[in-house]
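In what follows, a single structure is set out as structure tokens and then discussed.
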Amino acid sequence: MSSRLPMLRLLLAALLLSCFVPPAFAQRVSARDRAAAEALVARMGQAETRYRAALVLAANGDPRGAQEGNAALEDMEDVIDACVKQRGCPLSDLLASYKRLLKDGVDASGAGPDEAGEDDELLEADPALAADVPEAVRAARLLGDDRLHAFDRMVRYNPAIQAGIRRWLTDMRPQLMTSYENYQVMRHLMWPEFEKRGLPEALLFGILAKESNGRVHSVSRAGAAGPMQFMPSTGRRFGLGPDGTGFDTRYDPRSAAEASAAYLNERLRELNNDVELALAGYNGGEGRALRVHRSSGGSGFWDAATYGQFPPETRDYVPMVIAAAWIYLHPRKFGVTFPKVEAQPAAFKLVRPASIYELTVCLGNTGNRDGYMRTLRNLNPRFEAETVIPAGTVLAATARVASLYHRHCEGGPRAELAHALVTADPNAALEGAGPLGTVAVGNVTPVPGVATTVATGRPQPARPRSAQVRTYTVARGDTLGRIAQRHGCNVKQVAAANGLKAPAYALRQGQKLKLVGCSK
314 MSSRLPMLRL
324 LLAALLLSCF
334 VPPAFAQRVS
344 ARDRAAAEAL
354 VARMGQAETR
364 YRAALVLAAN
374 GDPRGAQEGN
384 AALEDMEDVI
394 DACVKQRGCP
404 LSDLLASYKR
414 LLKDGVDASG
424 AGPDEAGEDD
434 ELLEADPALA
444 ADVPEAVRAA
454 RLLGDDRLHA
464 FDRMVRYNPA
474 IQAGIRRWLT
484 DMRPQLMTSY
494 ENYQVMRHLM
504 WPEFEKRGLP
514 EALLFGILAK
524 ESNGRVHSVS
534 RAGAAGPMQF
544 MPSTGRRFGL
554 GPDGTGFDTR
564 YDPRSAAEAS
574 AAYLNERLRE
584 LNNDVELALA
594 GYNGGEGRAL
604 RVHRSSGGSG
614 FWDAATYGQF
624 PPETRDYVPM
634 VIAAAWIYLH
644 PRKFGVTFPK
654 VEAQPAAFKL
664 VRPASIYELT
674 VCLGNTGNRD
684 GYMRTLRNLN
694 PRFEAETVIP
704 AGTVLAATAR
714 VASLYHRHCE
724 GGPRAELAHA
734 LVTADPNAAL
744 EGAGPLGTVA
754 VGNVTPVPGV
764 ATTVATGRPQ
774 PARPRSAQVR
784 TYTVARGDTL
794 GRIAQRHGCN
804 VKQVAAANGL
814 KAPAYALRQG
824 QKLKLVGCSK
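Numbering (the numbering used here), first residue to last: 314 to 833.
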């Protein structure tokens, strides 16, 4: 897209000089002309949205980015050309949008500050040239005005937000980067739901980062679940919960984003479009937010009387969400370079049965330092990580994951090794098989369809089962997986015996569990 900049600079200069409107032409604009001008403004807005989406694609290495961006810029050129000829069209406003987008393009292409400054200078009008042309002077002033994003106009930027930004950029920077990577993979599922409901993308990212870091299977101690952390009762109000298969749609990225956007719009309608109060309701309960809003006479969240009526958790939550959103919109301002994420949606069909754990080992981590388990889990939330998924199942993924699967996991040494590693039973090391290193891992030939050990390649011995069913009292911080590992249990068997639902297996402190089929 940067190859178009010289031509666009010339176009802007020519259009700027054409902004002079003789006094005789300054007459009342007819309803027809006004409607035509409004249509051009709407077309420019649509083209601007397309161009910003193209920048994201280009930043993530998607070849469609350049093509989409050039097409959007051509639309904008056509709009501006038509605006010059259309009576009543706000040409200066459209030129301001044009310049702002070109600067975004320079930023996205990796230009340094000096290069960006040079582009700004080329795009500015010469004040001496425009001194006697009032409309051109106004256009020149607007061209130098970096208008705030819609989200920036919706919220207050204050010391609490600055403190939140400091936290995200210091001890919480790893969580911020993780949130960004996870969001980019799910963006095609989540962002359209906010866009359709007129909500800014930055708000979606901020909530996702604070609530779950973009981990679809995140569950809080209070029982909130999914990437947007819905409580069961609130989720049911907005169409989330167990479906016909028993899957809890709170874990589905698209459904969660749709419900979240609907919930926020409901809060905004009853809280005078105050985003901070809507976020306070998201975290601290809609009833509390509405009561505080009414009792304070409609004051905003940052009013001392209003602010003091929310619990500390909510007073922390609101600025942290806004801070994450602000960084998402203005990364260069804070010296942030978000990682490039190959997020082009794709799918692949399993040639052989495998779990997400097995696929994670087999895929490796080419192009992603942390590997692809989170990508697979987030895009396929119906499957638990350890569940063996039947052959023929189509899994959602990215283009890179699909390519790695076809290269390494349909068969061959790495696929066999991955299967051996995830089916190995540590207890088999105590069955007299000798030191684990006596058999080369590469020589293991697992028995098809039967769990094997890495050391021997032989079927695992059956686990001894205790004759008596024991109980266990859940302690703080316990998870079902840790309890099962500690007592030699099968997770699914214990879950079924205690009525725990996958994939969260939510536990509460003090709960009594039946340890069915455990060996320790």
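For glycine and all other residues, C-beta sits at the position ideal for the given N, C-alpha and C.
Annotated three-state conformation of Val631 is helix, per DSSP. As the crow flies, the alpha-carbon of Ala797 is around 46 angstroms from that of Asp587. As the crow flies, the alpha-carbon of Arg720 is around 13 angstroms from that of Glu729. Residue burial annotation: Asp394 is exposed, with fewer than 16 other C-beta atoms found within 10 angstroms of its C-beta. Asn526 is classed as buried because its beta carbon has at least 16 other beta carbons within 10 Å across all chains shown. Taking C-alpha positions only, Lys662 is separated from Gly705 by approximately 6 angstroms. Taking the C-beta atoms as reference points, Ile669 is found nearer than 9 angstroms to Ala698.
Each of Val804, Val829, Gly790 was checked against the Cα of Gln822, and the nearest Cα belongs to Gly790. Taking a 10 Å sphere around the C-beta of Lys523, we find 16 or more other C-beta atoms and assign the residue as buried.
When DSSP states are grouped into helix, strand and coil, Tyr818 belongs to the coil group. A straight line joining the alpha-carbon of Arg466 with that of Tyr718 spans about 45 angstroms.
For Arg783, the enclosing beta strand (DSSP E) covers residues 783-786. Note on Asp683: under 16 other CB atoms within 10 angstroms of its CB, so exposed under the neighbour-count rule. Per DSSP, Phe661 lies in no alpha helix (DSSP H); the unbroken beta strand (DSSP E) holding it starts and ends at 658-662. With contacts defined as CB atoms closer than 9 angstroms, Ala570 and Leu642 fail to qualify as a contacting pair.
Leu828 sits close to Tyr785, with the two beta carbons spaced by under 9 angstroms. Leu672 is not a Cβ neighbour of Ala733, given a cutoff of 9 angstroms.
Nearest C-alpha to Thr362 among Asn383, Ser343, Asp375: Asn383.
Per DSSP, the beta-bridge partners of Asp561 are Pro555. If you look at Ala709, you'll find it isn't in any alpha helix (DSSP H); it sits in the beta strand (DSSP E) that goes 707-711.
The alpha-carbon of Asn811 is positioned some 13 angstroms away from that of Ala817. In this structure, Val634 and Gly519 form a Cβ contact; the two beta carbons are roughly 4 angstroms apart against a cut-off of 8 angstroms. The Cβ-Cβ distance between Ala656 and Asp375 falls below 9 angstroms. Contact between the region 486-502 and the region 607-624 is absent, with fewer than three C-beta pairs closer than 8 angstroms. In this structure, Ala638 places its C-beta atom within 9 angstroms of the C-beta atom of Val468. Taking C-beta atoms as the reference points, Ala537 and Tyr564 fail to come closer than 9 angstroms. Beyond the five residues adjoining it in sequence on each side, Lys825 comes within less than 7 angstroms, by CB distance, of Thr784, Thr786 in the same chain, given in chain order.
In the DSSP assignment, the residues bridged to Lys825 are Thr786. Phe623 sits in coil when the DSSP states are folded into three classes, being neither helix nor strand. Check the Cα spacing between Tyr576 and each of Thr688, Leu592, Cys722, Ser716: the tightest is with Leu592.
Assignment of Phe614 by DSSP, reduced to helix, strand and coil, places it in the coil class. Beta-bridge partners of Ile478 (DSSP): none assigned. When DSSP states are grouped into helix, strand and coil, Val532 belongs to the strand group. In terms of Cα proximity to Arg400, the closest of Met389, Ala409, Arg345 is Arg345. Proximity to Arg695 across Thr650, Phe560, Val804, Tyr595 peaks at Phe560, based on C-alpha coordinates. As the crow flies, the alpha-carbon of Val707 is around 10 angstroms from that of Asn693.
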